Structures are given as structure tokens and as C-alpha cells.
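Have a look at the structure below, then the notes.
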Amino acid sequence: MTQPKAPSVRALLSGALPVDSAVAVQGWIRTRRDSKAGMSFLAVHDGSCFAPIQVVAPAALDNYLSEVSRLSAGCAVRCTGKLVASQGKGQSLEIVADSVIVLGWVEDPETYPMAPKKHTLEHLREHAHLRARTNLIGAVTRVRDTLAQATHRFFSGEGFSWIHTPIITASDAEGAGQMFRVSTLDMANLPRTPDGKVDFSQDFFGREAHLTVSGQLNVETYCMALSKVYTFGPTFRAENSNTRRHLAEFWMIEPELAFADLDDDADLAERYLKALFTAALEQRGDDLAFFAEHVDKGLLPRLEGLVRSEFTRLDYTEAVRILEKSGKSFEFPVRWGIDLQSEHERYLTDEVVKGPVVVMNYPKDIKAFYMRQNDDGKTVAAMDVLAPGVGEIIGGSQREERLDRLDARIAELGLHGPDYWWYRDLRRYGTVPHAGFGLGFERAVLYCTGMENIRDVIPFPRAPRQADF
RNA sequence: UCCGGCAUAGCUCAGUCGGUAGAGCAAGCGGCUGUUAACCGCUAGGUCACUGGUUCGAGUCCAGUUGCCGGAGCCA
Numbered sequence: 099m100t101q102p103k104a105p106s107v108r109a110l111l112s113g114a115l116p117v118d119s120a121v122a123v124q125g126w127i128r129t130r131r132d133s134k135a136g137m138s139f140l141a142v143h144d145g146s147c148f149a150p151i152q153v154v155a156p157a158a159l160d161n162y163l164s165e166v167s168r169l170s171a172g173c174a175v176r177c178t179g180k181l182v183a184s185q186g187k188g189q190s191l192e193i194v195a196d197s198v199i200v201l202g203w204v205e206d207p208e209t210y211p212m213a214p215k216k217h218t219l220e221h222l223r224e225h226a227h228l229r230a231r232t233n234l235i236g237a238v239t240r241v242r243d244t245l246a247q248a249t250h251r252f253f254s255g256e257g258f259s260w261i262h263t264p265i266i267t268a269s270d271a272e273g274a275g276q277m278f279r280v281s282t283l284d285m286a287n288l289p290r291t292p293d294g295k296v297d298f299s300q301d302f303f304g305r306e307a308h309l310t311v312s313g314q315l316n317v318e319t320y321c322m323a324l325s326k327v328y329t330f331g332p333t334f335r336a337e338n339s340n341t342r343r344h345l346a347e348f349w350m351i352e353p354e355l356a357f358a359d360l361d362d363d364a365d366l367a368e369r370y371l372k373a374l375f376t377a378a379l380e381q382r383g384d385d386l387a388f389f390a391e392h393v394d395k396g397l398l399p400r401l402e403g404l405v406r407s408e409f410t411r412l413d414y415t416e417a418v419r420i421l422e423k424s425g426k427s428f429e430f431p432v433r434w435g436i437d438l439q440s441e442h443e444r445y446l447t448d449e450v451v452k453g454p455v456v457v458m459n460y461p462k463d464i465k466a467f468y469m470r471q472n473d474d475g476k477t478v479a480a481m482d483v484l485a486p487g488v489g490e491i492i493g494g495s496q497r498e499e500r501l502d503r504l505d506a507r508i509a510e511l512g513l514h515g516p517d518y519w520w521y522r523d524l525r526r527y528g529t530v531p532h533a534g535f536g537l538g539f540e541r542a543v544l545y546c547t548g549m550e551n552i553r554d555v556i557p558f559p560r561a562p563r564q565a566d567f
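Under our numbering, the first residue of the first sequence carries the number 99, and numbering increases by one thereafter.
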């Protein structure tokens with residue numbers, strides 16, 4: 099049987115086909131409105147863009163009474179008909195149907211969890227398998243995709259290679275947080291060594307293994323060969339973090355740049371964030387308009403301002419001085435040497451700078467072993483990019499490329515030197531200055547949508563006591 | 001993990017001083033209408049998270065449990 103092509107709603111509404119074309123549309127019913135003038139109006143949505151297309155279903159259709167008049171939110175349909183200029187207000191184009199085929203009914207409209215009404219984000223989370231059907235989560239999903247595609251486009255355009263660093267790691271050296279164990283041992287009957295410890299030599303990898311908490315150490319090896327590299331993949335932290343900014347499984351982007359220092363690193367971070375949000379503004383205007391109206395009134399000025407402005411860079415020491423002189427009474431008093439608390443970061447981004455701020459050169463005692471030691475003997479070449487409402491969106495540093503200094507730091511922190519043998523090799527064979535950062539992808543999505551809870555910008559959030567679906 | 005809050009109809013919530021439950025939305029039926037967050041009327045819908053306690057009587061007071069939300073810490 100010959101059937102008219104079924105373009106996406108996006109294609110139809112953007113005028114890809116001339117008026118009077120015979121078309122089909124496939125999607126799900128958002129709303130049905132009946133008119134006594136002898137027709138029903140079906141809002142058909144297929145996720146290809148924010149808007150649904152209106153299908154006019156005449157009462158003369160064979161299945162009008164038996165089926166069309168019973169359609170409710172969520173029903174799947176295939177409609178064929180003619181694309182016409184709309185007689186009504188609110189849309190320029192619509193389809194006058196000559197057939198409406200119901201592909202899938204909603205079995206009980208009253209208990210369908212995505213009823214056509216406002217729902218709380220909490221309710222949507224409890225129905226994560228259905229929530230992509232809502233305006234809100236659909237828009238988040240399209241923006242998320244746009245940012246992901248823009249990430250690859252940006253780095254590719256800058257000459258970076260995408261490196262697939264491992265998900266499973268037997269390296270105990272990453273040191274970025276609590277790790278999830280990966281094991282095939284029978285937990286009800288664990289093999290033991292003579293001194294009573296679990297005998298991991300009998301485990302799948304012959305040693306302890308975990309899910310990665312960062313691809314950085316691995317990607318540095320490729321940086322020392324391909325010069326410009328990045329990772330973009332899932333990352334796992336077993337921290338018992340219960341906040342709107344943390345997930346146990348999240349996606350992280352970690353570029354690593356050879357022959358570069360901290361300023362080059364901050365430049366890259368700034369160019370990258372601007373490229374991300376420019377892509378969203380250019381490609382997802384429909385979705386951003388929805389967020390601007392219903393989620394965050396200030397979203398568009400904030401994004402447009404960011405892509406136009408220059409990021410404010412602040413030495414840690416200077417940031418501390420600003421905070422000390424602010425006259426604000428913080429819950430945690432500020433003094434040189436402490437890590438900045440959320441309230442301090444918020445003051446800097448929301449009140450001092452009113453935009454993203456790059457804080458650089460932190461005290462070495464609060465930062466990781468691999469960060470490059472500055473000449474002052476007190477600080478390391480680390481940076482955090484802080485964004486209003488989101489907090490730390492990027493954390494990065496210039497890496498310590500001098501073997502003696504790296505070894506000294508490993509020893510100072512009481513780390514087990516031999517574990518780092520291959521990382522140290524990079525400093526033994528052709529070491530060069532290099533730098534990189536990690537960007538929490540979901541935090542970028544938060545910033546770009548105005549959403550507040552990170553669990554609403556990833557399809558299936560994993561967090562403590564939360565691994566449904 | 002710590003601090004605070006919440007849990008009542010499919011959903012969002014109200015429920016006074018302790019006296020066996022109410023609204024809006026959604027849904028169903030009817031009316032009206034080239035409609036569009038449609039509108040108007042009617043109808044149906046409840047193990048008040050769970051366990052125990054106080055009381056003649058508990059949605060309400062007390063204790064515990066579970067789950068969720070917000071903040072903090074950890075970080076991206």
C-alpha cells in the first residue's frame with residue numbers, strides 16, 4: 099500500500115513541504131478538542147521540536163465516533179491528509195486529515211501519569227520512563243543533545259581527538275572520590291587470603307577493580323602523543339551526596355592540552371562554554387523560549403550575556419580578599435587557605451561578578467597531587483569555573499610535568515608511588531607542560547536550561563537509593 | 001553522612017481546638033464552540049506512607065520505620 103511520507107513535525111512546521119501537499123504525521127496526542135462544527139482538533143507531537151502540529155479530524159471520518167472522539171493524551175496515531183494554512187489562530191499550518199489510525203491507546207486516561215496538566219518535578223522523576231513526553235523534559239532532552247553535539251563539534255573544530263578512556267579501572271590512583279567496585283566474586287561466599295582479607299586475585303581482573311571517577315590520568319597519556327585530546331563519557335562517584343547538583347553516574351568532558359599552561363586552559367574553557375551556549379541559542383530557540391517563560395525568566399539575557407562577555411578571572415588570593423572585605427557574615431568565615439564554600443562561590447558569581455568567574459591558583463593543600471606547583475611554594479595552578487546557580491561547573495589545572503616535583507607531592511601526601519608508574523613514565527619520556535579540565539555535562543545543561551535539579555536533566559538519574567528504571 | 005521540612009483522591013493541595021474527609025486540575029457523561037492551558041453543568045473517585053502508642057474517639061498528638069524535598073559536606 100502506498101502511503102504519503104511522514105516527515106517530522108519539525109520539518110512540517112518549518113515549511114519543508116508546500117501547502118496542499120499530501121502528508122502523514124506520526125506521533126502522540128497531546129490534547130484533543132472537539133468542535134460541534136463537525137471536527138476535532140488533535141495536537142500531535144513527535145518530539146522533533148517543541149511545538150505539536152494541529153490535525154483537524156472531520157467528523158465524517160469512518161472511525162470518528164468509535165475512535166477519534168475517544169483519543170486522549172498519550173495515544174499514538176498516524177494521520178494522513180493535506181497540509182493547509184490554518185483557519186484558526188495559534189498556528190500557521192495544520193493538517194486536515196483524511197484518515198486517523200490509532201496505533202496505540204492509553205488504557206486508562208484517568209490514571210495515565212502524564213495527564214495533560216501541570217505536574218511536579220518529583221512526580222515526573224517517579225515516572226522517568228514517561229516523563230520525556232512532557233513539554234519540559236522533552237525540551238531538556240533536546241537541549242542536552244544539542245550541547246552534546248556541540249561539544250564534539252567544538253573540540254573537533256579545534257583539532258582535538260576524542261579518546262575513549264576506560265569505564266572500568268584497576269588503577270587505585272585516580273583519587274577523585276569514592277569508587278564503585280566491579281567484581282564477579284560470589285558475595286555470599288568470598289574467597290579469602292590466609293590473613294582473612296578478600297582474595298581479589300581470584301576476581302575477574304585478578305585484582306580490585308572499580309568504575310572510573312575520571313578519565314584524566316588515562317587521557318593524559320594520549321595527550322602526550324596527540325597533543326589535543328578530550329574524553330566525553332560516563333563517570334561514577336560512590337559519594338553519599340544528596341544534593342540537587344550531584345549524581346552517582348554523570349557525564350564528564352575532560353579536555354587535555356599539551357604545550358599549555360593554566361591561562362591556555364582557562365582560555366579553552368571560556369571558548370568551549372561560549373560555543374556550547376551559542377549552539378543552544380542558535381539551534382534551540384523554541385525550547386529556550388519555553389524555559390525562559392516557565393522555568394527561569396532571566397535565562398536568555400544570562401546566556402546571551404555569557405557568550406558576549408569576557409570571563410572574569412580572579413586569583414584565589416584576590417577572591418579571598420574580596421570576600422574578607424565584603425562585610426558579609428558567612429556561616430564559614432573566609433581566610434586564606436580554606437576551600438571556598440558554596441556560600442562564598444555564590445557571593446562571587448551572584449553579587450560581585452554577576453556571571454561566571456574563573457578562580458585560579460588555589461592553595462596546594464586543598465588540591466590534588468597532580469596539579470602544577472607554583473613558584474610561590476604555596477599554591478598550585480588550579481582553576482575552578484563557577485557559574486551562578488550551578489556552582490562549580492568546571493574544575494581544572496595545569497599538570498605537574500616535572501618528575502621530581504610530582505614525586506615529592508606523591509610522597510608528601512602519603513600516596514603509594516608505585517601505583518603511579520605509568521603516569522610517572524609520561525614525565526620520564528618527553529614530558530611537556532600541559533593542562534586540562536573537567537566539565538560536568540549535566541551542570542552545563544542546568545545552566546543552559548535554568549533547571550535547578552540535576553536529576554531532571556539526565557534521562558535516568560542514579561543517586562544514593564535511586565537506580566530505578 | 002549531618003541539619004531542617006514533607007507524606008491526605010490519578011495529580012496539586014486544604015483539612016481550625018482530636019469528633020470517620022474537601023477543593024482545583026485530570027478523568028467519564030451532557031451542553032456550547034475553527035478549537036487551542038477552551039468554556040459551562042453533572043458524575044465518579046479515599047486502607048489519610050507504614051508500624052506501634054496515648055485517648056471513649058487520631059488525617060490531626062507521641063515514638064519508630066520507610067521514602068522524598070531543601071540546605072550543608074564531598075565534588076563535576
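Using N, Cα and C, we set each Cβ at its ideal position, and we do this for glycine too. Here the structure is a predicted model, which means the values were calculated and not measured.
Verify the contact flag: residue i, CB atom, against every heavy atom of the ligand HEM, threshold strictly below 7 Å.
i    : result
A171 : The ligand content of the structure shown is nil, which means the ligand HEM is not present either.
Which same chain residues, not among the five before or five after residue i, have their C-beta less than 6 Å away from its C-beta?
i    : result
V405 : K372, F375, T376
D385 : F148, A237, R240, V241
W434 : V418
G195 : The residue asked about is misnamed: residue 195 is Ala in this sequence, not Gly. If we look at A195 and ignore the five residues flanking it on each side, its Cβ neighbours are V153, A155, C177, G179.
W414 : Residue identity differs from the one stated: residue 414 is Tyr in this sequence, not Trp. Excluding residues within five positions, the ones whose Cβ falls inside 6 Å are V457, N459, Y460.
S325 : A356
In this structure, what does DSSP give as the bridge partners for residue i?
i    : result
W520 : DSSP lists no partner for W520.
I351 : F330, L537
D132 : S138
Q124 : R176
H532 : A356, R497
Q564 : A561
V194 : V154, K180
V543 : Note: V543 sits in no beta bridge, so no partner.
G202 : A174
Spatial neighbours of residue i within its chain, please: CB distance less than 8 Å, with the 5 preceding and 5 following residues excluded, ordered by chain position.
i    : result
V317 : I261, T263, V327, Y328, T329, E352, E354, G534
I235 : L222, R229, D554
Measure how close the beta-carbons of residue i and residue j come, nearest whole angstrom, since I'm counting them as under 8 Å.
i    : j    : result
L159 : V166 : 6 Å
H308 : F278 : 6 Å
I552 : H344 : 7 Å
T333 : T310 : 6 Å
G425 : I491 : Not confirmed; about 27 Å, so no contact.
F258 : Y370 : That pair is no contact at about 10 Å.
Do residue i and residue j have their CB atoms nearer than 8 Å?
i    : j    : result
G179 : V121 : yes
F467 : I436 : no
S106 : D132 : no
L446 : V432 : no
L412 : V478 : no
L379 : Q496 : no
V393 : M212 : no
T529 : E499 : yes
G453 : P486 : yes
R231 : A268 : no
L140 : R176 : no
M322 : A358 : no
R342 : G275 : no
F409 : E368 : yes
P150 : M137 : no
L191 : L181 : yes
P562 : A346 : yes
L544 : V488 : yes
V117 : V142 : no
R400 : T244 : no
Output needed for residue i: all residues of its chain with C-beta closer than 7 Å, excluding positions within five of it in sequence on either side, in chain order.
i    : result
M99  : Below a pLDDT of 50, predicted positions are generally treated as unreliable, and M99, at 45, falls in that range; the measurement from the model is reported next regardless. Hits under 7 Å: none found.
E429 : E441
G493 : D482, F535, G536
R503 : Q471
G113 : none
Q: With a floor of 3 residues, list each beta strand (DSSP E) that falls wholly inside the region 134-175, ordered by position along the chain.
A: 137-143, 151-156
Q: Would you mind listing the beta strand (DSSP E) stretches within the region 380-460 that are 3+ residues and don't spill past its ends, in chain order?
A: As far as the region 380-460 is concerned, its whole beta strand (DSSP E) runs of at least 3 residues are 410-413.
Q | Runs of beta strand (DSSP E) lying entirely within the region 300-330, each at least 3 residues, in chain order | A | 307-309
Q | Complete runs of the beta strand (DSSP E) confined to the region 239-306 [at least 3 residues] | A | none
Q. Which whole runs of the beta strand (DSSP E) in the region 464-509 are 3 residues long or more, in chain order?
A. 477-485, 489-497
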